[in-house]
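Quick note: the sequence shown uses this note's numbering, first residue 100, plus one each step. Here a beta-carbon is modelled for each residue, glycine too, at the ideal position from N, C-alpha and C. None of the values given here were measured: they were computed from a predicted structure. Below: the structure, in C-alpha cells.
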Amino acid sequence: MGRINSQDFINELIFCLNAKDTVKAKALLQFASDANVDVQVQKQALAELAKGPENVVLPLLEYLTKIDISNTAVQENLYDLILDKAYGNTNLVTEYIISNEKKTRIQFIRAAGDLFLEETIPVLIQVVQSETDPEIITPAINSLAAFRKPEHLELFSSFTTHSNPDIIRAAIFAIGALSNPQAADTLISFLCEDETVNKLVVQALAEKQDLYDLEKITHLLSSPVTIIRDTAIDELINIGKKATPLLTKAFQNAEADYMVHLITTLGYIKDQAAIPAIMNIINTQPKDANIRQAAYEAMERIPSPRTAICLVQGLQDPEESVRMSAARAVDKNLSKPLVAGLKNIIREKSPEAMSTVETLIDTNATNIFNFLVDEESFRELAETHLAEKASPSTRKAFIKNMAAIGQVEFAKTVAANITGTNQVESSSSMKIVVVDDSKMMLKLYQNKLSLLGLACEIFHRPEDAVKRILSGKTDLVITDLNMPNISGLELTREIRRKFTQTDLPILMITTQSDFVEEKQGDVDVNEALLKKSGINKILHKPFSDNDFKESVFKLLPT
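Here it is as C-alpha cells:
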C-alpha cells in the first residue's frame, strides 16, 4: 500500500463519516488511488461509505469519480453506490451532470437514466444540444432514451447523421426505444447504402419487440439488400417463437425470395407451431425449387414424426438439391408409416425406387439405413448406385456406415463390387473450401466436386471457415450468400482484407437476386455490384451440373 497504513486509513475515514466532516473525508480520499492503496482497501472504503447518510456520502462519491481507480470491480462497486445514494438527491445529480470534471459527469449522466430521474431531462437535453465531446453526448442520449418520450424523436433523429459512430448508434437505439409506430417508421426511413447504419436500424427495431416493430422486421426479409435481410433473419431467430405467427402470416402473397427467407427463418427458430404452415407448402409443391428446398430443410430442423409420411414425396422431386433436402428431413423424422412407405417404394425396383435409394445414399441418411438394409431390393439398388454413379466420398461413407451398424459382410460386398471402377479418389492438389449453413448443400457440393476429381474442406459455420481460409493455402472458396451470424458478403469482406480476387477467387451460390438485374426480360449479372462485393462469380440455384463444373474450373488456377 506504499506509505499509507491500511487500518489507519479506514479508521480515519470512519471517524470523518461519523463526524459528517466531508472536508477532511475528501482530503483523506485523495489517497484512495491505485498508487496509494490496494484493491481490498478501496473496496473496504466503499463498504464504509455505504453505511453513511446520502447527504454526506454522495459528495464523497462524486469526489471519488475523479480518483484513479483502474480495477473494474471497484469501479462497478463505486457506480452501484452512486445509484444507491443518488436516488432522491436530484439536485446534486443535476449539479454533477453540469460540473467541469468529465469522469464525474459521465457517471452521473448514466445514473440519471438508470434511476429514471425525470427532473434531469432538461439538463440532459442541454448537454446533448450544447456539448461537442462524443464521450459526454453518447451517455446523455442513452439516458434520455430511458425515458421513452415521443417528443424526443426529432432530437434523436438529428444525431443519426453525426460523424461519430457511437453517437449514431446511441441515437438509433434511442429511437428504437420509443413506444410508438412513428419511431419504427422513422428507423425504416434511415435504411441506406451504409451497412453499419442498416444493421443498427434492424437491431434497434428488434430491441423492443413491439408487434408493429416485429412486423417491420419480418417485412425486411424481402429486402434486396443483403445486410438488411440477413440482420433481420438473425434478429428474428434470436426473438424466437414470438416471431412465428408473423412469419407464417407473411406467407400470403410472398414473392419467391421472400418466401424462402421466411421458411428458412422458421426452420432456425424450430417452433413446432410453424409445422402446419410449412407442411402446407410441401403439400402444394410450389413451382419454385428453392421454396420446396427451404421447406424440406426447415422440416429437418423441426422434427415431427407425425407428419413425416408427407416428406417422402420430396424424394421424387426433379431437382437434386430438393431431393437431398427431403432425404435429410426424412432421416430426421422417422416413423413407422414413413418406413413402411419407403419399403413399399423400394420393393418395386422401379426408376422411382432407384432415385429414392440414390438420394438417401448421396445424402448419407444414416438413420433410415438401419430400417432398409435388410430389404433385398434396397441392397441391390444400393450396390448398383455405388458401382455406377456414386462419388468416391459417398462410397466410403456408405461402407463405413454399413460396418458401423453391423452389416460387415454387406460392406465387404459393396467394396468388392466397386473395385476397379473408373471413378477414383481425387489426386488433385487444389485446396477448395466450401461454406454453407445447410449440411445438405455441403454434402451436395462435396459429391459434385468429388465426381469432378476434386476434394474439398466443408464448413457449416462461416466463422470457422474464416479462420481456416486466412491461415492456410486455398485455391477457391465456394460459399452461400444467406447464412446466420456471418453472411456470404461478410465472409467475402474478411477474405478480401488479405486476398485479392486474383489471389483467391470466390464463387457465391445463392437463391437470391441481389446481384442480378432484368434487361428486356433476361436476367443478367450486375457486374459493377459483383466487382464491388469482391465476389468473382455468382451461381444461382437451382443450377445444372454443367453450370457448376464450368464455374469451378473457370475459377481454379491453371
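### Message
Please classify Thr-295 as buried or exposed, where buried requires at least 16 other C-beta atoms within 10 Å of its C-beta.
### Response
Result: exposed.
### Query
Does the distance from the CB of Pro-402 to the CB of Lys-435 come in under 8 Å?
No. Outside cutoff.
### Task
Measure the CB-CB distance between Leu-345 and Glu-306 and report whether it falls below 8 Å.
By the CB criterion at 8 Å, Leu-345 and Glu-306 fall outside the cutoff.
### Query
Touch check for the segment 500 to 507 and the segment 539 to 548: three-plus C-beta pairs under 8 Å?
No, they do not touch.
### Query
Taking Cβ positions, are Val-411 and Leu-459 nearer each other than 8 Å?
No, the pair does not count as a contact, with Cβ atoms beyond the cut-off.
### Query
Per DSSP, what kind of secondary structure is Glu-86 in: helix, strand or coil?
Outside the displayed range of the chain (100 to 657) lies residue 86, so it cannot be described from this structure.
### Query
For Leu-304, which three-state DSSP category applies?
DSSP places Leu-304 in helix when its eight states are reduced to three.
### Where Asp-265 sits in the DSSP three-state scheme
Looking at Asp-265 - three-state DSSP - the assignment turns out to be helix.
### Query
Terminal residues of the continuous alpha helix (DSSP H) containing Asp-602?
Element bounds for Asp-602: n/a, residue is neither H nor E.
### Query
Given that a residue counts as buried once 16 or more other Cβ atoms are within 10 Å of its Cβ, and exposed if not, what is Asp-356?
The residue in question, Asp-356, is buried, as its Cβ has 16 or more Cβ neighbours within 10 Å.
### Query
Can you list, in chain order, the residues of its chain whose CB lies under 8 Å from that of Ile-390, leaving out five sequence neighbours each side?
Residues Ala-355, Met-358, Val-359, Ile-362 and Ile-380 of the same chain have their beta carbon placed closer than 8 Å to that of Ile-390, with the five preceding and five following residues left out of the count.
### Query
Quick one: what does DSSP say Val-324 is sitting in, helix, strand or coil?
Coil, per DSSP.
### Query
Do three or more CB pairs link the segment 167 to 178 to the segment 191 to 202 at distances below 8 Å?
Contact fails: fewer than three Cβ-Cβ distances are below 8 Å.
### Task
Confirm, please, whether the CB-CB distance from Ala-303 to Phe-272 is below 8 Å.
A contact, by the Cβ cut-off of 8 Å.
### Spatial distance of Phe-558 from Arg-209 (CA atoms)
Taking the straight line joining both Cα atoms gives about 43 Å.
### Task
Can you have a look at Phe-255 and say buried or exposed, based on whether 16 or more other CB atoms are within 10 angstroms of its CB?
Result: buried.
### Query
Counting along the chain, where does the alpha helix (DSSP H) carrying Thr-259 start and finish?
Element bounds for Thr-259: n/a, residue is neither H nor E.
### Query
Mapping DSSP to helix, strand and coil, what is Phe-108?
Helix, per DSSP.
### Distance, Ala-376 Cα to His-318 Cα
Going from the Cα of His-318 to the Cα of Ala-376 covers about 18 Å.
### Query
When burial is assigned at 16 or more other CB atoms within 10 Å of the CB, is Gln-384 buried or exposed?
Classification for Gln-384: exposed.
### Query
Hey, is the segment 580 to 588 in contact with the segment 328 to 343, meaning 3+ C-beta pairs nearer than 8 Å?
Taking a cut-off of 8 Å on C-beta distances, the segment 580 to 588 touches the segment 328 to 343, as three or more cross pairs fall below it.
### Message
At the level of alpha carbons, what is the spacing between Ala-244 and His-251?
### Response
Spanning the two alpha carbons is a distance of roughly 8 Å.
#### Entry: Phe-558 - DSSP class collapsed to helix/strand/coil
If DSSP states are grouped into helix, strand and coil, Phe-558 belongs with the strands.
### Query
Looking only at DSSP bridge pairs, what is Thr-578 linked to?
According to DSSP, Thr-578 shares a beta bridge with Val-534 and Met-607.
### Task
Going by CA-CA distance only, name the one from Thr-171, Ile-166 and Glu-334 that's closest to Thr-203.
Ranking Thr-171, Ile-166 and Glu-334 by Cα distance to Thr-203 puts Ile-166 first.
### Task
Can you have a look at Arg-596 and say buried or exposed, based on whether 16 or more other CB atoms are within 10 angstroms of its CB?
Arg-596 is exposed by the Cβ-count criterion.
### Coil, strand or helix - Leu-180 by DSSP
When secondary structure is reduced to three states using DSSP, Leu-180 falls in the helix class.
### Task
Could you say which of Ala-486, Phe-246 and Ile-374 lies nearest to Pro-221 if we only look at CA atoms?
Comparing alpha carbon positions, the residue from Ala-486, Phe-246 and Ile-374 closest to Pro-221 is Phe-246.
### Query
Shortest alpha-carbon distance to Asn-337 belongs to which of Tyr-311, Leu-223, Val-301 and Pro-323?
The option with the nearest alpha carbon to Asn-337 is Val-301.
### Query
DSSP puts Leu-638 in a beta bridge; with which residues?
BP columns for Leu-638 point to Ile-608.
### Counted within 10 angstroms of its Cβ, other Cβ atoms place Ser-169 as buried (16 or more) or exposed
Answer is exposed; the Cβ neighbour count stays below 16.
### Query
Exposed or buried, Asp-312, counting other C-beta atoms within 10 Å across all chains shown (16 or more means buried)?
Counting Cβ neighbours within 10 Å, Asp-312 comes out buried, since at least 16 surround it.
### Query
Which residues in the same chain as Phe-647 place their Cβ atom closer than 6 Å to its Cβ, once the five residues preceding and following it in sequence are excluded?
Cβ within range, chain order: Lys-547.
### Query
Can at least three beta-carbon pairs, one atom from the segment 395 to 409 and one from the segment 508 to 517, be found at a separation below 8 Å?
No, they do not touch.
### Query
Given Phe-215, which residues of its chain have a CB within under 8 Å of its CB, disregarding the five upstream and five downstream residues?
Contacts found: Ala-245 and Phe-246.
### Task
Output yes or no for whether 8 Å exceeds the beta carbon distance between Val-438 and Phe-470.
Cβ distance < 8 Å, so Val-438 and Phe-470 count as in contact.
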